[in-house]
Amino acid sequence: QKEVEQDPGPLSVPEGAIVSLNCTYSNSAFQYFMWYRQYSRKGPELLMYTYSSGNKEDGRFTAQVDKSSKYISLFIRDSQPSDSATYLCAMIPTGANSKLTFGKGITLSVRP
Amino acid sequence: EPEVTQTPSHQVTQMGQEVILRCVPISNHLYFYWYRQILGQKVEFLVSFYNNEISEKSEIFDDQFSVERPDGSNFTLKIRSTKLEDSAMYFCASSEGRQFFGPGTRLTVL
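Protein sequences, first through last, are from chains W and A.
So the first sequence is residues 1 to 112, counted in the working numbering.
So the second sequence is residues 1 to 110, counted in the working numbering.
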């Protein structure tokens, strides 16, 4: 079983839709959970950062972590064409400065 | 807003040649990383660096790779003898608890 699995996509939604992106993981040592956004041939850009279980909201974005199910989600409300990108989940075990383990990423396209 | 910068943006080299990829981390960060992303694949960890020494490295980071912080600002990744399979995007990141990535260097090995 891969350490971090992410729905492969791609995903296409109309503008204004609510988007749900998900990752599962197998390593129970993961404590820090991140979502990065990556535009084509660019570096990953940190979107959301969560420690342990719970929800975190930032504008149109909500990150959710369920450690009991080893499942994390990113919700995008009122999606915009500018949200079209690849979304990567990433995780770190104890020690916030340890290496990131990434999911493969899902490409989202928001149609005007 | 401070950001991680990387040079060059694109490097083309012949198999067997040495390349040096350069990064300028965010100035008050203490942890530095190199990751790579082969086209169509996931971002993979290569090495982390703290207090002027390697703190962790992956199995990918073999003897062909080395890292250095030659002065107070630059952080470099050297590949001694490039192979075709080294072709990838290489990302530098720096951290103060959250990792911020540079725009990447696209390495093409011919």
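Quick reminder that beta carbons are idealized off the backbone N, C-alpha and C, glycines included.
Which chain A residues are close to residue i, counting only those with a beta carbon under 7 Å from its beta carbon?
i, result
"Leu88 (chain W)", "Val43"
"Phe102 (chain W)", "Lys42, Val43"
"Gly43 (chain W)", "Phe91, Phe101, Gly102, Pro103, Gly104"
"Tyr49 (chain W)", "Arg98"
"Gly16 (chain W)", "Within 7 Å Cβ-Cβ: nothing; Gly16 (chain W) doesn't reach chain A, min ~29 Å."
"Leu21 (chain W)", "Within chain A, no residue comes near Leu21 (chain W); the closest Cβ sits about 15 Å away, beyond 7 Å."
Return the CA-CA distance between residue i and residue j, expressed in angstroms with no decimal places.
i, j, result
"Arg36 (chain A)", "Asn51 (chain A)", "22 Å"
"Asn27 (chain W)", "Thr50 (chain W)", "16 Å"
"Pro44 (chain W)", "Phe33 (chain W)", "14 Å"
"Ser69 (chain W)", "Val12 (chain A)", "45 Å"
"Asn34 (chain A)", "Gly97 (chain A)", "Here residue 34 (chain A) turns out to be Trp, not Asn, going by the sequence shown. The alpha-carbon atoms of Trp34 (chain A) and Gly97 (chain A) are separated by roughly 16 Å."
"Leu110 (chain A)", "Ser48 (chain A)", "28 Å"
"Gly103 (chain W)", "Gln17 (chain A)", "32 Å"
"Ser73 (chain W)", "Ile79 (chain A)", "37 Å"
"Arg41 (chain W)", "Ser84 (chain W)", "14 Å"
"Gly19 (chain W)", "Ile92 (chain W)", "It should be noted that the sequence gives Val, not Gly, for residue 19 (chain W). The straight-line gap from Cα to Cα measures roughly 24 Å."
"Ser52 (chain W)", "Cys89 (chain W)", "14 Å"
"Leu108 (chain W)", "Tyr31 (chain A)", "31 Å"
"Asp7 (chain W)", "Phe101 (chain A)", "23 Å"
"Val43 (chain A)", "Arg111 (chain W)", "27 Å"
"Asn28 (chain A)", "Glu1 (chain A)", "13 Å"
Tell me the DSSP secondary structure of residue i in three-state form.
i, result
"Pro81 (chain W)", "helix"
"Glu85 (chain A)", "helix"
"Phe91 (chain A)", "strand"
"Ile38 (chain A)", "coil"
"Asn74 (chain A)", "coil"
"Ile79 (chain A)", "strand"
"Pro2 (chain A)", "coil"
"Asn87 (chain W)", "Contrary to the premise, residue 87 (chain W) reads as Tyr rather than Asn in this sequence. Looking at Tyr87 (chain W) - three-state DSSP - the assignment turns out to be strand."
"Tyr49 (chain W)", "strand"
"Ile18 (chain W)", "coil"
"Leu107 (chain A)", "strand"
"Pro93 (chain W)", "strand"
So which residues on chain A does residue i lean against when the C-beta distance must stay under 8 Å?
i, result
"Lys99 (chain W)", "Tyr33, Phe45, Ser48, Glu56, Ser58"
Give me whichever residues DSSP pairs with residue i in a beta bridge.
i, result
"Val4 (chain W)", "W:Tyr25"
"Tyr71 (chain W)", "W:Thr24, W:Asp66"
"Lys56 (chain W)", "W:Ala63"
"Arg37 (chain W)", "W:Glu45, W:Tyr87"
"Leu108 (chain W)", "W:Leu11, W:Ala85"
Can you name the residues of chain W whose CB is closer than 9 Å to the CB of residue i?
i, result
"Ser66 (chain A)", "Within chain W, no residue comes near Ser66 (chain A); the closest Cβ sits about 18 Å away, beyond 9 Å."
Identify the contact partners of residue i in chain A, using a Cβ-Cβ distance below 9 Å as the criterion.
i, result
"Leu46 (chain W)", "Arg98, Gln99, Phe100, Phe101"
* What runs of the beta strand (DSSP E), each 3 residues or longer, lie entirely inside the stretch 5-67 of chain A? -> 5-7, 10-13, 19-24, 31-37, 43-50, 53-57
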